[in-house]
Amino acid sequence: MKIKSSIHGLTPMLTPRQSGFTLIELMISMVLGLLLLASLVYVYTNSAQSFRAQSALALIQSNARYAFEIMGVDIRQTGFTGADTTPANVVGTPSPTTLSTLIDLANPLVGYENTYPPNRNPSGCTSACYQAGTDSLTVVRVDTESKYAVTAHTDTSPYTFTVSPWPTSNPPIAGEVFVAADYTHAAVFQAGTATASPNVSYGTGGSPGNSSTTLGNFYGSTPGASTFVLALYRLSGASYYIGTNSAGEPALYRDKLGHSGTTLNSTAEELIEGVEDMEVTYGVDTDATPDLTVNGYWTAAQVTAGTNGTLNIPGSTASDYWKRVLSVRITLTLVSQQGEAVGTAGTTVDSRLLRKSFTNTIAIRNRLL
C-alpha cells in the first residue's frame with residue numbers, strides 16, 4: 003500500500019517583513035525638529051525684544067518732543083510784556099516770598115545750576131520733590147492767548163479797566179495777576195475783589211494784593227483817543243525742574259503760577275514721566291555793544307557770576323547778566339518705563355532700562371528782534 007502526498011492546497015509560511023521607522027531615524031527626526039523649534043523660538047524672542055526696544059525708543063522720542071514743545075512756548079516768549087519797556091510791578095510781596103520769582107516780569111529768565119528753583123524748596127517736601135543734581139529754570143511772560151481789549155480805564159477808586167467784550171469762557175477772576183500794556187508802558191497787578199463783568203479791578207483785596215494803585219502813564223488816556231490801544235494779558239510764570247512723582251520715578255515738572263480764591267500760589271504739575279536729568283546752558287551775548295549774536299553757552303552759575311573765567315558779560319548785577327541771554331540749550335535724559343535686553347546705538351542699558359539724551363536749542367524771540 004502506497005501513501006501519496008501532495009502539496010497542492012497548502013499555503014506556504016512567509017517570514018514577516020519589518021515596517022515603520024527605526025530608532026535611529028526617530029532620533030534624527032527629533033533632533034531636526036528640536037533644531038527647527040529652537041530656531042523659531044530664537045527668531046520670535048529677538049523679534050519681541052526688538053519690538054520692545056523700538057516701542058520704548060519711540061515713546062522716549064515722543065516724550066522728548068512733547069517736553070521741548072511745552073518748554074519752547076514759554077522760553078521763546080520769555081520777557082514779552084506787550085510793551086517796549088520794563089514793566090512796573092505793583093503786586094505786593096507774596097507769601098511765601100519765593101513766589102516773587104513767578105511774577106517778576108522785569109527779570110523774566112533765571113536759571114539754577116544743580117539746584118531747585120526758589121519756589122520748589124525741597125525742605126519738608128512731600129510731593130513732586132526736586133531731584134538733586136539737576137538744573138532748573140524760571141520763565142515769566144504775558145500769555146498772548148489771554149488778551150482782553152480795554153475800552154475804559156478808571157484811575158480813581160475803584161480803579162478798574164473795562165473789558166469789552168467780556169469773555170464767556172475763562173473770564174478774568176479776582177486773585178489772578180494781569181499785565182496792562184499799550185506798547186509804550188506796562189504794569190503788573192493783581193486783580194482785586196471788585197473784579198466782575200465788565201471790569202477788572204486793581205484796587206484793594208487779594209493776597210498779597212497791590213502795594214499801589216499807581217500803574218504809571220499809558221499812552222492812550224481815553225477810549226476816544228485814536229491812540230487808545232490798552233490791553234490786559236494774564237501773567238504766566240513757571241519753573242521747570244526734575245522731580246519725583248508719586249510712584250517714586252523721576253519726571254519733568256512745571257511749577258506754575260496760580261491762585262486759590264484771591265490768594266496767589268503755585269501748583270506743580272507732572273509733564274513727562276521718565277525724565278531723569280535736565281542740563282541747561284544759556285547762549286549769551288558778551289559784546290560791549292550788543293549785536294544779538296551768541297558768543298558762547300554758559301551754565302547758570304556762570305551767567306549769574308557774569309563770567310566764565312575767560313569772557314565777561316557787560317553789567318554790574320546778576321539781573322544785567324541774565325538780560326544778555328539770547329537762547330537756552332536744554333539736554334534731557336529720558337529713561338524707558340519697561341526693561342530691555344538689547345541696546346540701541348546712542349543709548350545706555352542699565353538695569354535693563356533704555357536711556358537716551360536729547361538736546362534742543364530754543365531762541366528767545368523777544369530779545370532777537
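Each residue of the sequence shown is one higher than the one before, starting from 3 at the first, in the numbering used here. All C-beta atoms, glycine included, are put in the ideal place defined by N, C-alpha and C. Note that this is a predicted model, so its numbers are computed, not measured.
Check: Bounding residues of the alpha helix (DSSP H) (the contiguous stretch that carries Ser321); Outcome: 320-324
Check: Spatial neighbours of Pro167 in its chain, beta-carbon cut-off 6 Å, leaving aside the 5 residues before and after; Outcome: none
Check: Alpha-carbon to alpha-carbon, Thr312 and Thr206; Outcome: 50 Å
Check: DSSP-derived helix/strand/coil call for Gln304; Outcome: helix
Check: Host beta strand (DSSP E) of Glu272 (start-end); Outcome: 265-275
Check: Leu104 to Val43 span [Cα, whole Å]; Outcome: 57 Å
Check: N- and C-terminal bounds of the beta strand (DSSP E) containing Glu251; Outcome: Run containing Glu251: none; DSSP gives neither H nor E here.
Check: Close Cβ partners of Thr295 (< 7 Å) along its chain, the five nearest in sequence each way excluded; Outcome: Asp287
Check: Per DSSP, the bridge partner or partners of Met280; Outcome: Leu334
Check: DSSP-derived helix/strand/coil call for Val75; Outcome: helix
Check: Pick from Met29, Asn314, Phe180 that is closest to Ala90, judged by C-alpha positions; Outcome: Phe180
Check: Beta-carbon proximity of Pro98 to Asp257, cut-off 8 Å; Outcome: no
Check: Secondary structure of Glu115, DSSP reduced to three states; Outcome: coil
Check: Where Leu356 falls, given that 16 or more other Cβ within 10 Å makes a residue buried; Outcome: buried
Check: Span separating the alpha-carbon of Ala60 from that of Glu278; Outcome: 17 Å
Check: Sufficient close CB pairs (3 or more, under 8 Å) joining the stretch 210-219 to the stretch 76-93; Outcome: yes
Check: Pairwise C-alpha distance: Ile77 and Val330; Outcome: 8 Å
Check: Trp2 vs Val112 beta-carbon contact at 8 Å; Outcome: Limits of the chain in this structure are 3 at one end and 371 at the other, which puts residue 2 out of reach.
Check: Strand pairing of Ile1, partner residues [DSSP]; Outcome: Outside the modelled stretch of the chain, which goes from 3 to 371, sits residue 1, for which no answer is possible.
Check: For Tyr68, three-class secondary structure by DSSP; Outcome: helix
Check: Simplified DSSP assignment, three categories, for Ala343; Outcome: Note on Ala343: pLDDT 44, under 50, position unreliable in the model; the coordinate value appears next. Ala343: coil per DSSP, three-state reduction.
Check: Closest Cα partner of Gly245 within the set Asn65, Tyr255, Gly260; Outcome: Tyr255
Check: Coarse secondary structure for Tyr243, derived from DSSP in three states; Outcome: strand
Check: For Glu178, three-class secondary structure by DSSP; Outcome: coil
Check: Cβ-based burial, Glu178 [other Cβ within 10 Å; buried from 16]; Outcome: buried
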